[in-house]
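*Asks:* The letter at position 149 of the sequence shown is residue 149 when you use full-length UniProt numbering, and the numbering goes up by one with no holes. Glycine included, C-beta positions come from ideal geometry on N, C-alpha and C. No experiment lies behind these values; they were computed from the predicted model shown.
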Amino acid sequence: MANDDVKKSNANASGGGKKKEVKKETGLGITNCKDENFGEWYSEVVVNGELIEYYDISGCYILRPWAMSIWETMQKFFDAEIKKMNIQNCYFPLFVSPGVLQKEKDHVEGFAPEIGVMVMVHGDDKGLVLPPKVATVQVIIIPVPYKDADTRGIFDACASTVDILSGAGIRAKADFRDNYSPGWKYSHWEMKGAPLRIEIGPKDLANS
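Now the structure itself:
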């Protein structure tokens with residue numbers, strides 16, 4: 001919950017002990033241009049965007065939670081639509097023979113361009129750009145506490161915003177991690193394709 005996250009962040013902000021080192025590295029960006037080297041760009045986007053991890057079996061890969069959440073959203077919509085046509089679901093064998101596995105490998109490779117087109121349509125040189133309907137996080141809220149700012153007040157405002165948006169049926173999340181700079185978080189969530197970003201800082205708090 002947002003309130004639990006903000007309590008942890010407030011404790012870190014007000015507690016004693018050594019101050020955490022805030023990471024400001026900018027190595028999150030895509031190094032290949034989509035228009036110049038689509039294949040390398042695509043690989044960077046799906047890996048750095050935390051969609052998949054490559055597996056040691058050729059033609060197979062691991063779907064990470066970010067990709068699974070997107071797939072579950074799409075599956076829910078698709079399942080409801082095909083049920084209207086009286087189509088029933090079924091499962092096929094999980095373990096297959098080497099010959100069939102090779103065919104599956106060829107099948108996956110053959111359809112790679114089509115998969116690439118889908119990512120290309122909803123992606124740019126900063127990373128994924130997910131359609132709001134399938135995005136795991138539709139709105140990411142990032143606190144921007146400057147020096148001597150009311151950090152606790154900013155975190156509370158972020159948590160309240162999450163609650164308001166969630167109550168309206170919007171999938172919202174606040175990034176309360178205190179060991180990353182706001183700039184790092186911007187790059188991180190741009191890479192993951194969050195459709196909308198809200199930044200809350202001292203001026204926003206004063207005007208609220």
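I need the boundaries of the beta strand (DSSP E) containing L130, first residue and last residue.
*Replies:* Segment: none, L130 is in no beta strand (DSSP E) and carries neither H nor E.
*Asks:* What is the DSSP secondary structure of residue 209, reduced to helix, strand or coil?
*Replies:* The chain is shown only over 1 to 208; residue 209 falls outside these bounds and no answer can be derived.
*Asks:* Determine the closest residue to D178 out of N207, M68, I142, A172, with distance taken between C-alpha atoms.
*Replies:* It is I142 whose Cα lies nearest to the Cα of D178.
*Asks:* Taking the alpha-carbon positions, what's the L128 to N37 distance?
*Replies:* Approximately 16 angstroms between the Cα atoms of the pair.
*Asks:* Look at the Cβ atom of K173, then the Cβ atom of W66, and state whether they are nearer than 8 angstroms.
*Replies:* The answer is no: Cβ separation not under 8 angstroms.
*Asks:* Tell me whether E190 is buried or exposed, calling it buried when 16 or more other Cβ atoms sit within 10 Å of its Cβ.
*Replies:* Classification of E190: buried, given that the 10 Å Cβ count is 16 or more.
*Asks:* Would I198 and A157 qualify as a contact pair, given that the criterion is a beta-carbon distance under 8 angstroms?
*Replies:* No, they are not a contact pair.
*Asks:* In the DSSP assignment, the beta strand (DSSP E) including R177 goes from what residue to what residue?
*Replies:* Premise fails: R177 is in no beta strand (DSSP E) and is neither H nor E.
*Asks:* Output yes or no for whether 8 angstroms exceeds the beta carbon distance between E44 and R64.
*Replies:* No, the Cβ-Cβ distance between E44 and R64 is not below 8 angstroms.
*Asks:* Kindly give me the distance between the Cβ atoms of E53 and Y42, rounded to whole angstroms, as I take these residues to be in contact under 8 angstroms.
*Replies:* Actually they are not in contact, since the Cβ atoms of E53 and Y42 sit about 15 angstroms apart, beyond 8 angstroms.
*Asks:* So, under 8 angstroms CB-CB, V134 and I82 are touching, yes? Tell me the CB distance rounded to an integer number of Å.
*Replies:* Rounded, the Cβ-Cβ distance is 17 angstroms, inconsistent with contact.
*Asks:* Which of the three DSSP states is assigned to A112 in this structure?
*Replies:* Here the model assigns A112 a pLDDT of 40, short of 50, so the residue's position is not dependable and the matter cannot be decided.
*Asks:* Going by beta-carbon coordinates alone, are I164 and Q138 separated by less than 8 angstroms?
*Replies:* No.
*Asks:* Between which residues of its own chain and E114 is the CB-CB distance below 6 angstroms, once the five residues before and five after are set aside?
*Replies:* Low confidence applies here, because E114 scores a pLDDT of 38, under 50, leaving its location unreliable; read the following figure in that light. Hits under 6 angstroms: none found.
*Asks:* Would you grab the beta carbon distance between P195 and P132 for me? Rounded to a whole angstrom, and I think it's under 8 angstroms.
*Replies:* Their Cβ separation, rounded to whole angstroms, is 5 angstroms, which keeps P195 and P132 in contact under 8 angstroms.
*Asks:* When you compare each of G167, F176, S166, I140 to G153 by their alpha carbons, which one comes out closest?
*Replies:* When only C-alpha atoms are compared, the closest one is F176.
*Asks:* Where DSSP assigns a beta bridge to G123, which residues make up the other side?
*Replies:* Answer by DSSP bridge pairing, in chain order: L128.
*Asks:* Which whole-angstrom value describes the C-beta separation of D125 and K34, a residue pair presumed to lie in contact below a C-beta threshold of 8 angstroms?
*Replies:* Contact flag correct, Cβ pair sits at about 6 angstroms.
*Asks:* When you compare each of P202, V121, V162, G167 to D148 by their alpha carbons, which one comes out closest?
*Replies:* If we check each option's Cα against that of D148, P202 comes out closest.
*Asks:* Can you give the Cα-Cα distance for Y186 and Y180, rounded to whole angstroms?
*Replies:* Their Cα atoms are separated by approximately 10 angstroms.
*Asks:* Report the rounded CA-to-CA distance for L130 versus P182, giving the unit in angstroms.
*Replies:* Distance between the alpha carbons of L130 and P182: 21 angstroms.
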